[in-house]
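Remember, the working numbering sits 458 above the position in the sequence shown when you count from 1.
Glycine included, every Cβ here is placed at the ideal spot set by N, Cα and C.
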Amino acid sequence: MEATWPLTHNRRPWTEVQDDVLREAYGKAPVERIAKVLGRTVSATVVHARKLGLTKGCRVWTAEEIDRLAEFRSHMTMREASGLMGRSEWACQRKVLDMRKAGDERFKRIRKRRGE
459 MEATWPLTHN RRPWTEVQDD VLREAYGKAP VERIAKVLGR TVSATVVHAR KLGLTKGCRV
519 WTAEEIDRLA EFRSHMTMRE ASGLMGRSEW ACQRKVLDMR KAGDERFKRI RKRRGE
């Protein structure tokens, strides 16, 4: 069987009932469970939640926050730094990796010697 172009997607419109369920459950139950209940994919559920304004989206890092992260990482754990910055540990780790990849010398690997 030959595919036709353009490929069509099996997109069904969201109902008001589904929107209500999503508004009620999003952030309280795992997205996988919500998607299953709604008969949707996880990605479709997340995208629609974003359209409904149920997600915060990602915060942009300011230059001051990046400077603080560079300072904090030299003398505390990522968990401690993330708590002081009001960011998740994952977000801080991701920023360190991004800055390292961008060539920022402040974010090069910190190696500890044995016994320290």
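Where residue i falls: helix, strand or coil (DSSP)
i: Ala560; result: coil
i: Leu512; result: coil
i: Leu465; result: In this prediction, Leu465 scores a pLDDT of 49, lower than 50, which makes its location untrustworthy; no coordinate-derived value is stated.
i: Trp548; result: helix
i: Arg470; result: coil
i: Arg518; result: Before going on, a small fix: residue 518 reads as Val here, not Arg. Coil, per DSSP.
i: Lys486; result: coil
Boundaries of the alpha helix (DSSP H) in which residue i is found, first to last residue
i: His533; result: Unbroken run through His533: none, as it is neither H nor E.
i: Ala507; result: 500 to 509
i: Ile568; result: Run containing Ile568: none; DSSP gives neither H nor E here.
i: Ala483; result: 474 to 483
i: Arg491; result: 489 to 496
Buried/exposed call for residue i, threshold 16 Cβ in 10 Å
i: Arg469; result: exposed
i: Val554; result: buried
i: Leu510; result: exposed
i: Leu480; result: buried
8 Å contact criterion, which residue i and residue j should meet: CB distance rounded
i: Ala507; j: Thr513; result: 5 Å
i: Glu547; j: Ser540; result: 4 Å
i: Val504; j: Val489; result: 6 Å
i: Cys550; j: Met557; result: 11 Å between Cβ atoms; not a contact.
Is it true that the stretch 485 to 497 meets the stretch 520 to 527, where meeting means three or more beta-carbon pairs spaced less than 8 Å apart?
no
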